[in-house]
Each structure stands twice: as structure tokens, then as C-alpha cells.
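Be aware that the sequence shown starts at 17, since it is given in the numbering used here, and climbs by one per residue. Everything on this sheet refers to the single structure shown next.
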Amino acid sequence: MLEDGVGDEELTPAAVLFPIVQRVGGPTVLLTQRTAHLKDHPGQISFPGGRREPADASPAHTALREASEEIGLSPAHVEIAGYLPEYLTSTGFRVTPVVAMVTPPFDLQLDAFEVAEAFEVPLAFLLDPVNHQQHSLHYRGKLRHYYAMPYGEYFIWGATAGIIVSLCRVLGVAVR
Numbered sequence: 017m018l019e020d021g022v023g024d025e026e027l028t029p030a031a032v033l034f035p036i037v038q039r040v041g042g043p044t045v046l047l048t049q050r051t052a053h054l055k056d057h058p059g060q061i062s063f064p065g066g067r068r069e070p071a072d073a074s075p076a077h078t079a080l081r082e083a084s085e086e087i088g089l090s091p092a093h094v095e096i097a098g099y100l101p102e103y104l105t106s107t108g109f110r111v112t113p114v115v116a117m118v119t120p121p122f123d124l125q126l127d128a129f130e131v132a133e134a135f136e137v138p139l140a141f142l143l144d145p146v147n148h149q150q151h152s153l154h155y156r157g158k159l160r161h162y163y164a165m166p167y168g169e170y171f172i173w174g175a176t177a178g179i180i181v182s183l184c185r186v187l188g189v190a191v192r
């Protein structure tokens, strides 16, 4: 999926974990809020993940390594379910979303430098098109369009919302 505003520039390979937590009351998605002082995407809601390192054997390895580093999620609780199409961002990343089922109970240890908070959102909420909004803003001199999914005090938008929309499309959910 191509985010609005992506040109022909070289993109940095990255991967994110799309962690679906198998809760008794229904599946949830584990998300993070980035700390406000970070250079890239400060304060934004995101999936655990980041840039591919030379030692990473695959996007799954990158996503699992980053989830362990950022939030302390042990790979022992994670079963990779598959991949979504690459998501190309206007901020210079080629992101491979790695969808995984996460089995509780698990303890998280947040990296206080990168992650302000970890929280869960019901998967049903994220898959419901009634909760999808389309917004626009001027960025780098052009009008850009993006998805958003406000949830309580959280404003899920940009690449995170775009990747959720990508899952909806893969599942055949009608998207606004």
C-alpha cells in the first residue's frame, strides 16, 4: 500500500508487529504511544517495530526483535500468522507488517526512551469501517490524505491506521 506523498526516493526497510492479542472477551490489538521527544513520529500511536538491522534474517525477525526491545514482548508468546502488503510511507520507510497472534498472559517492559505507553484496542473496533475517518493535511508543500481511527483518548492515524486499513482490505472488509 502506498501512503499519499510517496515519491521515487530510496526507502528504508522496516517491519512492524501487528500483534493480535487473544483475549477471552475478544481479540485486541496491542499498540504503543511513542515518547514525545523522539525524532521520528514523536507521540504517535504505532505498532512495535522499526528499521531492519543487517543481522535481521527476515521481516518477522525485525518485528520480533523490535517488539522485544521496545515493549519487552517475549517471542515465546507470539505466533506469526502472516504478512500484509508492504506499506510505503511518505516519511521514507518501506514497512512490512507482520501479523501475529499473541497469547496472554505476558508481562511488558517498556523502553522508557521510546515508548510512553502500551495499550490494547478491540480488533472489532479497528475492523469496523464506521470507525475509519479520512483526513488531510499539508505536508512538504502538498495536500496529503490519510486514515484515522480515534479511540478514546488515542488518535490512531497515518501509517498505523493505513496498515489497519490494509488488513481490512485483505479480510474483505469494505473500507470507506
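All C-beta atoms, glycine included, are put in the ideal place defined by N, C-alpha and C. Every value quoted in this text rests on a predicted model; they were computed, and no experiment measured them.
Just to confirm, are residue i and residue j a CB contact at a threshold of 8 Å?
i	j	result
Gly59	Ala52	yes
Ala164	Val111	no
Glu86	Pro64	yes
Pro75	Ser84	no
Gln49	Ala132	yes
Leu27	Gly157	no
Pro101	Ser182	yes
Thr44	Val137	yes
Ile61	Phe129	no
Ala116	Glu82	no
Can you name the residues that DSSP bridges to residue i?
i	result
Gln150	Tyr163
Ile61	Gln49
Ala31	Gly66 and Thr112
Thr44	Val37 and Pro138
Ile96	Ala116
Glu133	Gln49
Ile172	Met165
Can you tell me whether residue i is buried or exposed? The criterion is at least 16 other CB atoms within 10 Å of its CB, across all chains shown.
i	result
Arg185	exposed
Thr176	buried
Ser106	buried
His151	exposed
Arg68	buried
Val114	buried
Phe34	buried
Leu18	In this prediction, Leu18 scores a pLDDT of 49, lower than 50, which makes its location untrustworthy; the coordinate-derived value is nonetheless stated afterwards. Exposed.
Relative to the alpha-carbon of residue i, which residue among the options has its alpha-carbon at the smallest distance?
i	options	result
Ile36	Leu104, Leu143 and Gln49	Leu143
Asp127	Leu89, Gly188 and Tyr170	Leu89
Ile141	Tyr103, Phe129, Val94 and Val189	It should be noted that the sequence gives Phe, not Ile, for residue 141. Minimum Cα distance to Phe141 is reached at Val189.
Ala97	Glu82, Val118, Arg81 and Pro166	Val118
Leu139	Tyr155, Ala79 and Tyr167	Tyr167
Asp123	Leu104, His93, Leu159 and Glu130	His93
Gly174	Glu82, Thr78 and Tyr103	Tyr103
Pro29	Leu54, Ile180, Ala79 and Arg160	Ala79
Where does residue i sit, in a helix, a strand or coil, going by DSSP?
i	result
Ala128	coil
Arg110	strand
Arg81	helix
Val118	strand
Ala76	helix
Ala177	helix
Arg25	The identity of residue 25 in the sequence shown is Glu, whereas the question assumes Arg. Correct three-state label for Glu25: coil.
Gly157	coil
Leu89	coil
Val186	helix
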